[in-house]
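Engineer: Numbering (this note's numbering), first residue to last: 10 to 293.
Glycine included, every Cβ here is placed at the ideal spot set by N, Cα and C.
All of these numbers come straight from a predicted model, not from anything done at the bench.
1) Is the beta carbon of residue 192 sitting closer than 9 Å to the one on residue 243?
2) For the stretch 81 to 161, which segments carrying the alpha helix (DSSP H) assignment without a break, of at least 4 residues, lie completely within its bounds, in sequence order?
3) Below 9 Å between beta carbons: does that hold for residue 275 and residue 67?
4) Decide yes or no for the touch test of the stretch 58 to 74 against the stretch 251 to 262: beta carbon pairs closer than 8 Å, at least 3 of them.
5) Check the C-beta distance from residue 78 over to residue 114 and give it rounded, since I have them as a contact under 8 Å.
6) From 185, 155, 60, 195, pick the residue whose C-alpha is nearest to that of residue 215; which is it?
7) To the nearest angstrom, how far is it from the Cα of residue 125 to the Cα of residue 284?
8) Tell me which residues share the same chain as residue 212 and place their Cβ nearer than 6 Å to its Cβ, disregarding the 5 neighbours each side in the sequence.
9) Can you tell me which of 232, 149, 266, 231 puts its alpha carbon nearest to the alpha carbon of residue 245?
10) Buried or exposed: which applies to residue 256, given that a residue is buried once 16 or more other Cβ atoms fall within 10 Å of its Cβ?
11) Closest to residue 107 by CA distance: which of 118, 117, 95, 116 is it?
12) Mapping the DSSP letters down to three states, classify residue 231 as helix, strand or coil.
13) Which value, in whole angstroms, describes the spacing of the CA atoms of residue 42 and residue 161?
14) Thinking just about the alpha-carbon of each residue, which of 54, 101, 152 is nearest to the one in residue 87?
15) Could you check whether residue 135 and residue 9 sit closer than 9 Å to each other, using their CB atoms as the reference points?
16) Quick one: what does DSSP say residue 282 is sitting in, helix, strand or coil?
17) Once DSSP output is grouped into helix, strand and coil, what is the label at residue 248?
18) Judging by CA-CA distance, which residue of 202, 46, 240, 159 is the nearest neighbour of residue 75?
19) Please return the same chain residues whose Cβ sits closer than 8 Å to the Cβ of residue 121, not counting the five positions on each side in sequence.
20) With a threshold of 16 other CB atoms inside 10 Å of the CB of residue 58, please say whether the residue is buried or exposed.
21) Can we say the stretch 202 to 211 touches the stretch 225 to 232, given the rule of at least three CB pairs closer than 8 Å?
22) Exposed or buried, residue 286, counting other C-beta atoms within 10 Å across all chains shown (16 or more means buried)?
23) Candidates 272, 281, 280: which alpha carbon is nearest residue 73's?
24) In whole angstroms, give me the CA-to-CA distance for residue 282 and residue 61.
25) Hey, out of 240, 152, 187, whose CA is closest to residue 200's CA?
26) Got a sec: does the ligand COA put a non-hydrogen atom nearer than 8 Å to the Cβ of residue 115?
27) Whose CA, out of 241, 248, 251, 139, lies closest to the CA of residue 269?
28) Taking only three categories from DSSP, how would you classify residue 205?
29) In the DSSP assignment, find the unbroken beta strand (DSSP E) run with residue 51 in it and report its ends.
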């Protein structure tokens, strides 16, 4: 089973230490100790085909950033490849953490964070939990790409889409509560520096707040407002974006999904977690 095949089995997969050329190569690579803990991607959803595809793409990108790491995917909902099951396959002979769980969340989400913490607390082997993926410039880069793919922003290379189709103002949609809204505000600033247009944050779950954000942009002479979800996808309620689009009339970019920057961020959070004092005596 290769590094990209993470959807069908809860068993961890060790990535090759030989980095393949091409689209999976990454300039952001970690140098791992020989006995590094596994990297477990915690998906806030069930093991549906769509979520499995997203997780596999993120796992592949993360594996390119930390060659040699053992990577697995655990889901918080449903019965297939549940995070608790994935963690049950791990063991620690010396009491050191056997895995780092990386939540596939761009920002704090109290309910989901609590679920992950409870599962980790019940694991038979010591496990660390990494920080959320954002805020980070990589999120703004991935969001820019999704807006471009939807024809709502200029692509990184000039001339890819018509100026007429691009939005001239963007709402960064947050999910997860007040802390998520604050993080979305930071990402909005980062995205504005890329697009050079007005960008404001607003909670995705509050349609009135989205409407108010749209009005603020229109007051700033914005003629076409786009919505960019600061979300990977599995954490969103099914059909949520379609409902928002129908009720607000906003043009909406797709979620970040398996964009390569998400995998790189997962690897970065994993690398930061490896600096935990509990791992200080892991041999290199």
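Structural biologist: Quick answer:
1) To locate residue 192, count along the chain shown from 1; it is residue 183. To locate residue 243, count along the chain shown from 1; it is residue 234. Result no, Cβ atoms of residue 192 and residue 243 do not sit closer than 9 Å.
2) 92 to 97, 119 to 130, 146 to 158
3) Taking the first residue of the chain shown as position 1, residue 275 is located at position 266. Taking the first residue of the chain shown as position 1, residue 67 is located at position 58. For residue 275 and residue 67, yes; Cβs fall inside 9 Å.
4) no
5) If you number the chain shown from 1, residue 78 lands on position 69. If you number the chain shown from 1, residue 114 lands on position 105. That belief does not hold up - the Cβ atoms of residue 78 and residue 114 are roughly 20 Å apart, past 8 Å.
6) What you label residue 215 is simply residue 206 of the chain shown in a count that begins at 1. Ranking the options by Cα distance to residue 215, first place goes to 185.
7) As a position in the chain shown, residue 125 is number 116, starting the count at 1. As a position in the chain shown, residue 284 is number 275, starting the count at 1. The straight-line gap from Cα to Cα measures roughly 21 Å.
8) What you label residue 212 is simply residue 203 of the chain shown in a count that begins at 1. Within the same chain, residue 212 has close Cβ partners 183, 190, 218.
9) For the purposes of this step, residue 245 is identified with residue 236 of the chain shown, where counting begins at 1. Nearest C-alpha to residue 245: 266.
10) To locate residue 256, count along the chain shown from 1; it is residue 247. Its Cβ having fewer than 16 others within 10 Å, residue 256 is exposed.
11) Residue numbering aside, residue 107 sits at position 98 when the chain shown is read from its first letter. Among 118, 117, 95, 116, the Cα nearest to that of residue 107 belongs to 95.
12) For the purposes of this step, residue 231 is taken as residue 222 along the chain shown, with counting starting at 1. Reduced to three states, the DSSP call for residue 231 is coil.
13) As a first step, residue 42 is located in the chain shown; it is residue number 33 there, counting from the start. As a first step, residue 161 is located in the chain shown; it is residue number 152 there, counting from the start. Cα to Cα, residue 42 sits roughly 43 Å from residue 161.
14) Mapped onto the chain shown, residue 87 falls at position 78. When each option's Cα is compared against that of residue 87, the closest is 54.
15) With the chain running from 10 to 293 in the structure shown, residue 9 is simply not present.
16) Translated into positions along the chain shown, residue 282 becomes position 273. In this structure, residue 282 counts as helix in the three-state DSSP scheme.
17) Here residue 248 is taken as the residue at index 239 of the chain shown, counted from 1. Coil, per DSSP.
18) Taking the chain shown and counting its residues from 1, one reaches residue 75 at position 66. When each option's Cα is compared against that of residue 75, the closest is 46.
19) On the chain shown, residue 121 is found 112 positions in, with the first residue counted as 1. Excluding residues within five positions, the ones whose Cβ falls inside 8 Å are 53, 85, 112, 114, 185, 244.
20) Here residue 58 is taken as the residue at index 49 of the chain shown, counted from 1. Its Cβ having fewer than 16 others within 10 Å, residue 58 is exposed.
21) yes
22) Counting from one through the chain shown, the residue named residue 286 turns up at place 277. Exposed: under 16 other Cβ atoms inside 10 Å.
23) To locate residue 73, count along the chain shown from 1; it is residue 64. With distances taken between Cα atoms, residue 73 lies closest to 272.
24) Stepping through the chain shown from its first residue, residue 282 is reached at position 273. Stepping through the chain shown from its first residue, residue 61 is reached at position 52. Straight-line Cα distance between these residues: approximately 24 Å.
25) One-based indexing of the chain shown puts residue 200 at position 191. Residue 152 is the option with its Cα nearest to residue 200.
26) This structure simply doesn't include the ligand COA, nor any ligand for that matter.
27) By one-based count along the chain shown, residue 269 stands at place 260. Residue 269 has its Cα closest to that of 241, out of 241, 248, 251, 139.
28) Numbered from 1 along the chain shown, position 196 holds the residue referred to as residue 205. Coil, per DSSP.
29) Counted from its first residue, the chain shown places residue 51 at position 42. 47 to 52 is the span of the beta strand (DSSP E), which, as asked, contains residue 51.
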